[in-house]
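Notes to accompany the following structure.
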Amino acid sequence: HWLTIKGNIGKYHRVPSFYELFGDKGATIGNTKLEPEQGLTYDIGVRILIPKLAQLQKNFLEIAYFENKLTNLIQFIQHSQMTSRPENIGKAFIQGVEVTTKSDILNFLRFQANLTYQRALNRSKLYGNIYYNKQLPNKAQWEINLRPTIFLGNYLEAFYDYSFTDQNFHDPYNKVPIEKRIIHNIGLKVMYPRWQVLKFTVEAKNLSDNQVADLWGYPLPGRSYYVIINGAF
6 HWLTIKGNIG KYHRVPSFYE LFGDKGATIG NTKLEPEQGL TYDIGVRILI
56 PKLAQLQKNF LEIAYFENKL TNLIQFIQHS QMTSRPENIG KAFIQGVEVT
106 TKSDILNFLR FQANLTYQRA LNRSKLYGNI YYNKQLPNKA QWEINLRPTI
156 FLGNYLEAFY DYSFTDQNFH DPYNKVPIEK RIIHNIGLKV MYPRWQVLKF
206 TVEAKNLSDN QVADLWGYPL PGRSYYVIIN GAF
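Here you go:
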């Protein structure tokens, strides 16, 4: 079947985790006064299998819409002393679209992409509505990931990763931004011909040596190099 339509709807009740209640005695401070998080969530999406063309094989496109209406959302808030503490936000509304695609071209090139757009809004009316309709902390509006891969024979593949994360915020009032980040990675995987379960990977991450931070604002490594060996026997 070239077209699949799927959807989900659910109501959930989540009690705080031990990590949220008690922290880690480091950068995360626990909060034993947290209330359980509740919400109504649903999503609907389509998966399209693109017919095999002269140069294209194994192609699909997925598009999904999601929406969450939350009460007592548990959200980590970063404080000025660079520590994070979970808080009950009150009400929150999250909606967005996710697009995923994958294509194999000419039997030696694969292209994968994922794009997410979301509106994550604080709907709490605490403190005279000062947070109402502000962007939730640590929730980026746009995220984009691209990965082309070239297969060089049966045992060698080269890949490139592009990752974009939009600006987001430390705080519920949206006064302390975390700048958008762009990261480029490249790598080479080698599979040992006699033992196909053994793989060697050489990878260079953050090629442009950008001074970037994660969603929490903590610095990520600059340009770095890795050698990885995976095996199963």
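Residue 84 in our numbering sits at position 79 of the sequence shown, and the numbers go up by one each step.
We put the beta carbon where it would ideally sit given N, CA and C, even for glycine.
Residue range E42 to I55 is occupied by the beta strand (DSSP E) that includes G50, with no alpha helix (DSSP H) assigned at that position. Ranking V102, Q172 and K38 by CA distance to the CA of N73 puts V102 first. By the neighbour-count criterion, in which a residue is buried when 16 or more other Cβ atoms sit within 10 angstroms of its Cβ, A32 is exposed.
Judged by DSSP in its simplified three-state form, E162 adopts strand.
For E25, the enclosing alpha helix (DSSP H) stretches over residues F23 to F27. A Cβ-Cβ separation of about 15 Å leaves T106 out of contact with E148 under the 8 Å criterion.
Nearest in C-alpha terms to A163, of all of F116, I79, T76 and I68, is F116.
DSSP, reduced to helix, strand and coil, places L131 within a helical segment of the structure shown. When the beta-carbon positions are compared, L212 and G236 stay at least 8 Å from each other. Contact annotation, P177 with K139: C-beta distance approximately 6 Å; criterion of less than 8 Å satisfied. In the DSSP assignment, T106 forms a beta bridge with L66 and A118. For the pair I187 and Y167, the Cα-to-Cα distance works out to about 7 Å. Put simply, the backbone Cα of L225 is about 27 Å away from that of L78. W147 sits in a strand when the DSSP states are folded into three classes. In the DSSP annotation of this structure, R228 is not part of any beta strand (DSSP E), being labelled neither H nor E. Each of L193, N215 and G227 was checked against the Cα of I234, and the nearest Cα belongs to L193.
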